[in-house]
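Everything on this sheet refers to the single structure shown next.
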Amino acid sequence: MMVKGLEANKREQKEKQKFPPCNAEWSATKGSRFWCSQKSGGVSRDWIGVPRKLYKPGAKEPRCVCVRTTGPPSDQLPDNPTHTNRGDLDDPNLGEYTGCPPLAITCSFPL
Numbered sequence: 001m002m003v004k005g006l007e008a009n010k011r012e013q014k015e016k017q018k019f020p021p022c023n024a025e026w027s028a029t030k031g032s033r034f035w036c037s038q039k040s041g042g043v044s045r046d047w048i049g050v051p052r053k054l055y056k057p058g059a060k061e062p063r064c065v066c067v068r069t070t071g072p073p074s075d076q077l078p079d080n081p082t083h084t085n086r087g088d089l090d091d092p093n094l095g096e097y098t099g100c101p102p103l104a105i106t107c108s109f110p111l
């Protein structure tokens with residue numbers, strides 16, 4: 001049982017490196033705002049990324065994550081000549097936020 005818990009935690013940490021949580025704020029006057037930075041979600045990295053909805057099996061709602069926009073997908077080797085230089089944008093579990101430009105690092109949703 002302990003081993004399964006450790007494996008699940010390791011998978012969760014690996015996913016958090018691939019898809020760090022977005023920064024988020026909400027106010028009654030301005031509405032919601034999601035944005036990405038090199039340290040959003042408490043995960044330091046050398047890229048900023050763009051906000052996307054991550055859909056996970058069994059979850060009721062998607063969560064906002066930052067997605068790398070350049071280079072090969074995380075599950076491919078960096079020297080793979082067939083990658084499309086779109087980072088992880090084509091992951092099937094991701095969705096764009098309606099009304100947010102596809103490559104914007106900040107998405108605002110006024111009330």
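Using the UniProt record's numbering, the letters of the sequence shown map in sequence onto residues 1 to 111. Ideal Cβ positions, reconstructed from N, Cα and C, are used throughout, including at glycine.
Could you check the C-alpha separation between residue i and residue j for me, to the nearest Å?
i: ASN85; j: SER27; result: 36 Å
i: ASN23; j: ASN80; result: 32 Å
i: GLY49; j: LEU111; result: 25 Å
i: TRP35; j: ALA104; result: 9 Å
i: LEU77; j: LEU54; result: 23 Å
i: LYS30; j: SER108; result: 9 Å
i: ARG45; j: GLY58; result: 28 Å
i: ARG33; j: GLY71; result: 27 Å
With a threshold of 8 Å on Cβ separation, who are the neighbours of residue i within its own chain once the five nearest residues in sequence on each side are excluded?
i: ASP90; result: PRO73 and THR84
Could you pull the start and end residues of the beta strand (DSSP E) that residue i belongs to?
i: ARG52; result: 50 to 54
Hey, residue i and residue j are a contact pair by Cβ (cut 8 Å); roughly how many whole angstroms apart?
i: PRO21; j: SER40; result: 7 Å
Complete alpha helix (DSSP H) runs within the stretch 58 to 109 (minimum length 4 residues, chain order): none
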